[in-house]
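Step one of this worksheet: look at the structure below.
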Amino acid sequence: MEKIPLDDDLKEAIRQAQGFKMEARRRQIQFIGKLLRNRDQEPIQEALDKVKNRHNQQQALLHKLELVRNQLIAMGDASLDNLLTEYPQLDRQHLRNLIRGAIKEREANKPAKNYREIYQYLKTEIVE
Numbered sequence: 005m006e007k008i009p010l011d012d013d014l015k016e017a018i019r020q021a022q023g024f025k026m027e028a029r030r031r032q033i034q035f036i037g038k039l040l041r042n043r044d045q046e047p048i049q050e051a052l053d054k055v056k057n058r059h060n061q062q063q064a065l066l067h068k069l070e071l072v073r074n075q076l077i078a079m080g081d082a083s084l085d086n087l088l089t090e091y092p093q094l095d096r097q098h099l100r101n102l103i104r105g106a107i108k109e110r111e112a113n114k115p116a117k118n119y120r121e122i123y124q125y126l127k128t129e130i131v132e
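The following block contains the structure:
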């Protein structure tokens, strides 16, 4: 909400609407609509599009990490080498241990602890 360019009275109206219930909220939303009609909507729409696009990009990256994790487990060292050339900051030994553990867990039908740890490790090292 802070990244969206809104006037103070519009921000206050939105904040108030969050505390209202049912009919009062409906009336407040109509009032917010009236305030929005009197303003230039293009900067607000651009800010909302940026927020939505950033969310979509984040989701796409997380899906990519899931695919990378599955490739690491399925293809092993070949996939690991490709990943390390793209992200040299990753720890090869740690990833190999996690991959080996995930394969053993899958074969033994145990809970997928290492499987989840691979994803978390990739997420912290690549995304954050």
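Just so we're aligned, residue 5 is where the sequence shown starts under the numbering used here, counting upward by one.
Glycine included, every Cβ here is placed at the ideal spot set by N, Cα and C.
Exposure label - R104; buried when at least 16 CB within 10 Å: The residue you call residue 104 lines up with position 100 of the sequence shown. With fewer than 16 other Cβ atoms within 10 Å, it is exposed.
Taking DSSP as the reference, what is the three-state secondary structure of N42? The sequence position of residue 42 within the sequence shown is 38, counting from 1. Correct three-state label for N42: coil.
Quick test of your reading: L126 and R73, contact by CB under 8 Å. State the CB separation rounded to the nearest angstrom. Position 122 of the sequence shown holds residue 126. Position 69 of the sequence shown holds residue 73. Correct: roughly 6 Å between the Cβ atoms.
Confirm, please, whether the CB-CB distance from I36 to I48 is below 8 Å. Taking the first residue of the sequence shown as 1, we reach residue 48 at position 44. Taking the first residue of the sequence shown as 1, we reach residue 36 at position 32. The answer is no: Cβ separation not under 8 Å.
Could you tell me whether the Cβ atoms of L88 and R100 are closer together than 8 Å? If you number the sequence shown from 1, residue 88 lands on position 84. If you number the sequence shown from 1, residue 100 lands on position 96. Against a cut-off of 8 Å, the Cβ pair of R100 and L88 comes out as no contact.
Taking the alpha helix (DSSP H) that Q97 belongs to, which residues open and close that run? Looking up residue 97 in the sequence shown gives position 93. Q97 -> alpha helix (DSSP H) spans R96 to E111.
E129: which of A106, Q93, K114 and E121 sits nearest, CA to CA? Counted from its first residue, the sequence shown places residue 129 at position 125. Of A106, Q93, K114 and E121, the residue nearest in Cα terms is Q93.
Nearest to L39 (by Cα), restricted to the options M26, L102 and L14: The sequence position of residue 39 within the sequence shown is 35, counting from 1. Closest by alpha carbon: L14.
Can you grab the Cα-Cα spacing for the pair P115 / K108, in whole Å? One-based indexing of the sequence shown puts residue 115 at position 111. One-based indexing of the sequence shown puts residue 108 at position 104. Each residue's alpha carbon lies about 10 Å from the other.
Tell me which residue opens and which closes the alpha helix (DSSP H) that G80 is part of. By one-based count along the sequence shown, residue 80 stands at place 76. That residue, G80, is in no alpha helix (DSSP H); it is neither H nor E in DSSP.
In the structure shown, what three-state DSSP assignment does E27 receive? On the sequence shown, residue 27 is found 23 positions in, with the first residue counted as 1. DSSP places E27 in helix when its eight states are reduced to three.
With H, G and I counted as helix, E and B as strand and the rest as coil, what does DSSP make of D11? The count along the sequence shown starts at 1 and reaches residue 11 at position 7. In the structure shown, D11 sits in coil (DSSP, three-state: anything other than H, G, I, E or B).
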